[in-house]
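J.: Okay, here's the structure, questions in a sec.
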Amino acid sequence: MASYKSTLRFCPECNNSNWMMGKNEKMELVFTCKVCSKVEVVSMDAETDESGNPKKIEDLCVFRHDVLFVAKESIIVMPDVIHDPTLPRVYDYECHACGHNQAVYYRLSETIVSDAMAIIYVCCKCSNWRTEGKEVQYSIPQTGKGDTPMQGTIKELDDKKAMEEDDLSG
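Residue 34 in my numbering sits at position 34 of the sequence shown; the count goes up by one each step and never skips.
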């Protein structure tokens, strides 16, 4: 994507900064020097400027507004996913909350994690879950307890969730 920015324009005669004025009827930008009253017109239709040089897009840029949009998707783990017979199971898993050794697991979609494969493990006893894979920023709402969403990387969230569950159990 091209980066356009407005530039300061200076009077070619006295080197003072030009002021921008507008003429709405002709769709032209008019730059006027307040000291010597020299007028420079930049037309939207013309392909060259007054001196015959090709017109640059920066000449027509009056205002630039950059919008940075970062999309986040939430990971929601339903507690009844442990009853799904189509999901694979692992028997050497150790749950952080209850110590149970069985879990179901599935892969996150590529819309949530773009580069690497991330896997969610859900304990078959207490439905506690954790993720493995690329550390990406997520907003993860808690399920079952009605807590507010937590922010952080997957590893930070897993550690934070494990500490909270340790505090509740002990």
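Note that CB positions come from ideal geometry on N, CA and C, so glycine has one too.
Given the structure is predicted, the values throughout are model-derived calculations rather than measurements.
Quick check on Glu164: does DSSP put it in helix, strand or coil?
T.: Within the sequence shown, numbered from 1, the residue matching residue 164 stands at position 164. Glu164: helix per DSSP, three-state reduction.
J.: If you draw a straight line from the alpha carbon of Val81 to that of Val104, how long is it in whole angstroms?
T.: As a working note, residue 81 is residue 81 in the sequence shown. As a working note, residue 104 is residue 104 in the sequence shown. Their backbone Cα atoms lie some 8 Å apart in a straight line.
J.: Consult DSSP for Ile75 and reduce its assignment to one of helix, strand or coil.
T.: In the sequence shown, the residue the question calls residue 75 occupies position 75. Coil at Ile75, not helix or strand.
J.: How long is the line joining the alpha carbons of Gly99 and Cys124, rounded to whole angstroms?
T.: Walking along the sequence shown from the start, residue 99 turns up at place 99. Walking along the sequence shown from the start, residue 124 turns up at place 124. Rounded to whole angstroms, Gly99 to Cys124 spans 11 Å at the Cα level.
J.: Would you call Leu108 buried or exposed, if buried means 16 or more other Cβ atoms sit within 10 Å of its Cβ?
T.: Position 108 of the sequence shown, counting from 1, holds the residue named residue 108. That one is buried.
J.: Check whether the Cβ atoms of Lys34 and Asn15 lie closer than 8 Å to each other.
T.: Mapped onto the sequence shown, residue 34 falls at position 34. Mapped onto the sequence shown, residue 15 falls at position 15. Their beta carbons are not under 8 Å apart, which means Lys34 does not touch Asn15 by this criterion.
J.: Residues in its own chain within less than 7 Å of Val39 by CB, not counting five upstream and five downstream?
T.: Translated into the one-based positions of the sequence shown, residue 39 becomes position 39. If we look at Val39 and ignore the five residues flanking it on each side, its Cβ neighbours are Val30 and Thr32.
J.: Just to confirm my understanding: we take Glu13, look at its own chain, exclude 5 residues before and 5 after, and list those with CB closer than 6 Å. What are they?
T.: Counting from 1 along the sequence shown, the entry for residue 13 is found at position 13. Cβ neighbours of Glu13 beyond the five flanking positions: Cys36 and Lys38.
J.: Nearest-angstrom Cα distance between Cys126 and Ile119?
T.: Sequence index remark: in the sequence shown, residue 126 carries index 126 (1-based). Sequence index remark: in the sequence shown, residue 119 carries index 119 (1-based). Going from the Cα of Cys126 to the Cα of Ile119 covers about 18 Å.
J.: With a 10 Å radius around its C-beta and 16 neighbouring C-beta atoms as the bar for buried, classify Thr86 as buried or exposed.
T.: As a working mapping, residue 86 is identified with position 86 in the sequence shown. Exposed is the call here.
J.: Strictly by DSSP, which residues pair up with Tyr106?
T.: Looking up residue 106 in the sequence shown gives position 106. Tyr106 is bridged to Ile120.
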